[in-house]
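In UniProt numbering, the protein residues as written are 1 to 205.
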């Protein structure tokens with residue numbers, strides 16, 4: 001076997017482990033991941049699974065990174081072409097709602113679930129989850145600030161307050177979809193976003 005093929009196969013195996021781990025963790029939590037279970041489900045040895053990560057914590061951190069890649073592809077990358085400010089913020093909220101509505105992760109928002117699981121703990125995994133929430137909040141604040149500067153939101157709008165409200169709204173949607181299986185929840189979320197952000201001006205308007 002050539003070194004190039006060996007590296008490629010190792011990457012393929014690692015991706016398979018991470019994809020299965022994300023699916024499990026989205027429903028059962030990051031602590032639901034066990035090396036034995038992954039080995040059984042993937043037809044591997046325990047040492048084979050562990051060899052790709054070194055420890056359960058390293059696996060959990062890698063799973064967070066993989067889930068972040070999925071979230072960026074589903075929620076952030078599609079809205080990058082939108083005009084900065086209110087158009088992008090509104091598009092972002094729609095993509096965020098759609099991501100939950102379509103159940104991209106079988107257990108709902110991966111990061112909301114992970115936050116509930118680790119928010120009272122200490123350690124690298126908890127810190128990584130917090131960092132992702134902080135980065136996302138900063139992105140929301142940035143677009144809200146641009147909307148205020150452009151006059152598309154009232155001048156007294158506090159971007160941090162708006163980011164807080166939008167995050168709470170989407171977390172409530174995740175709760176309604178996952179716990180109550182409410183088919184009307186996404187519609188309510190969209191109406192709430194529209195009521196909070198108001199109409200979006202199109203280019204040239």
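Every residue, glycine too, gets a C-beta built ideally from N, C-alpha and C.
query                                                                                                                                  : result
Contacts around residue 176, its chain only, beta-carbon distance under 6 Å, and the 5 residues preceding and following it disregarded : 182 and 185
C-alpha distance - residue 145 paired with residue 151, whole-angstrom precision                                                       : 10 Å
Rounded distance between the beta-carbons of residue 159 and residue 188, thought under 8 Å                                            : 24 Å between Cβ atoms; not a contact.
Chain-order list of residues whose beta-carbon lies under 7 Å from that of residue 84 (same chain, five-residue window excluded)       : 143 and 146
Own chain partners of residue 95 with C-beta closer than 8 Å, once the 5 adjacent residues on each side are dropped                    : 74, 75, 76, 78 and 79
CB contact flag (residue 133, residue 115, <8 Å)                                                                                       : yes
Range covered by the alpha helix (DSSP H) that runs through residue 168                                                                : 159–178
Member of 38, 27 and 168 whose CA lies at the smallest distance from the CA of residue 108                                             : 27
Boundaries (first-last residue) of the alpha helix (DSSP H) holding residue 52                                                         : Taken as a continuous stretch (DSSP letters only), residue 52 belongs to no alpha helix (DSSP H), as it is neither H nor E.
Cβ separation of residue 17 and residue 42, assumed to be a contact under 8 Å, to the nearest whole Å                                  : 6 Å
Secondary structure of residue 105, DSSP reduced to three states                                                                       : coil
Inter-residue Cα distance where the pair is residue 193 and residue 168                                                                : 11 Å
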